[in-house]
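Each remark here refers to the structure printed beneath this line.
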Amino acid sequence: MNHQDDQLHRLLQHWREVEPAGNFDAQVWRRIRQSEPARRPWLIDWLPRPAWTLAAAVAVGLVIGIASGVFSAPVVPPTEQLSFLAPTTLAGALRGGHR
Amino acid sequence: MADAQDPALVARTLAGDDAAFDELLARYRKPVLNFAYRLLGDATEAEDVAQDAFVRAYRHLADYHPRRQFSTWLFAIARHAAIDRLRYRQRHPTAPLAAAPEPAASPRYDDLGEHIAAAIAGLPEDQRTAIVLAEYHGLSHAEIAGVMDCTEKSVESRLYRARAALREKLRGFL
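Keeping their order, the protein sequence lines are chains S and P.
Each residue of the first sequence is one higher than the last, beginning at 6 in the numbering used here.
Each residue of the second sequence is one higher than the last, beginning at 1125 in the numbering used here.
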């Protein structure tokens, strides 16, 4: 640094510094928190996308419906299931033979 | 201004330790604030810009490379924040500021700071940034080049022109 630069440097130091406000750090943290994406409730995060939710609900409904239909149907004895076969037919004769 | 502990503090912040970022705030809040103040010439705006610089730094901390000095990385962010503010001022001009005081034949030294502020405010942004970092923050040419993303030769040239202009503007005080 030459003499002229040194002289200028000393002069420039007369422009005094400023001090940070007392809440500087708190303001920085507040702005950091504001800039972060808002947290969603855990249930929203847990649930998948609406289309998948709807598809899953339909699938569960189908399973429940089919299962309730199967288990609530009247139980017919196997011989009565073949009662529509006339005794004059081969199948009917065979059914009669089993008796 | 370089501190060997800064990269470790950055790593701790990235790992979720907010106290580490508090330590970085404690180290750099005053230098960053005064850097913004000398670029903008307004303490209130400087406070806002300095806070913005720390928010930007926090959000982009993962982009910081430990081989680089944290201080120069942070000053670069603060410079961009200040430039954004200067552009905003140009797009949204308010009432004209009072004209910068001209040095009188027998200058009064009690308002010397105002004359210096006005003289520095009159420099182009690149020269202003270079002279502020050199004169008020003691950065080397290489460090200033790191902040301004230019060559050391370019920094030398900007400093030379800035000093010549300031000597001319402030000749009544020299």
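We put the CB at the ideal spot given by N, CA and C, even for glycine.
| query | result |
| --- | --- |
| CB contact check: Ala1229(P) to chain S, cutoff 8 Å | With a pLDDT of 49 at Ala1229(P), under the threshold of 50, the predicted position of this residue should be treated as unreliable, though the coordinate-derived value follows. By this cut-off, Ala1229(P) is not an interface position. |
| Cβ contact (3+ pairs, closer than 8 Å) linking the region 1129-1140 of chain P and the region 12-28 of chain S | no |
| Proximity winner among Gln1193(P), Ala1254(P), Ala1202(P), relative to Val1179(P) (alpha-carbon distances) | Ala1202(P) |
| Short CB-CB distance (under 8 Å) between His14(S) and chain P | yes |
| Neighbour flag for Asp11(S) against chain P, beta carbons, 8 Å | no |
| Pairwise C-alpha distance: Ala1266(P) and Gln1175(P) | 26 Å |
| Ser88(S), enclosing alpha helix (DSSP H) - first and last residue | Neither: Ser88(S) is in no alpha helix (DSSP H) and is coded neither H nor E. |
| Segment contact flag, the region 1143-1159 of chain P with the region 1239-1246 of chain P, C-beta cutoff 8 Å, min 3 pairs | no |
| Glu1259(P) (DSSP reduced to helix, strand or coil) | helix |
| Through-space distance from Ala61(S) to Leu1185(P), alpha-carbon basis | 41 Å |
| Beta carbon proximity, Val23(S) to chain P, threshold 8 Å | yes |
| Sequence-distant residues of its chain with Cβ nearer than 7 Å to Arg1136(P) (five each side left out) | Ala1144 |
| Amino acids of chain C, ordered along the chain, whose beta-carbon sits closer than 8 Å to that of Val75(S) | Within the model displayed, chain C is absent; protein chains S and P are what it includes. |
| Under 8 Å from the C-beta of Val1134(P): neighbouring residues of chain S | Result: empty, since nearest Cβ-Cβ is about 15 Å, beyond 8 Å. |
| Beta-carbon spacing of Val1332(P), Ala1269(P) below 8 Å | Because chain P spans 1125 through 1298 in this model, residue 1332(P) falls outside it and cannot be assessed. |
| Sub-8 Å separation of Ala1170(P) and Ala1177(P) beta-carbons | no |
| Beta-carbon gap between Ala1200(P) and Gln1251(P) smaller than 8 Å | no |
| Segment limits, alpha helix (DSSP H) that includes Pro1131(P) | 1130-1138 |
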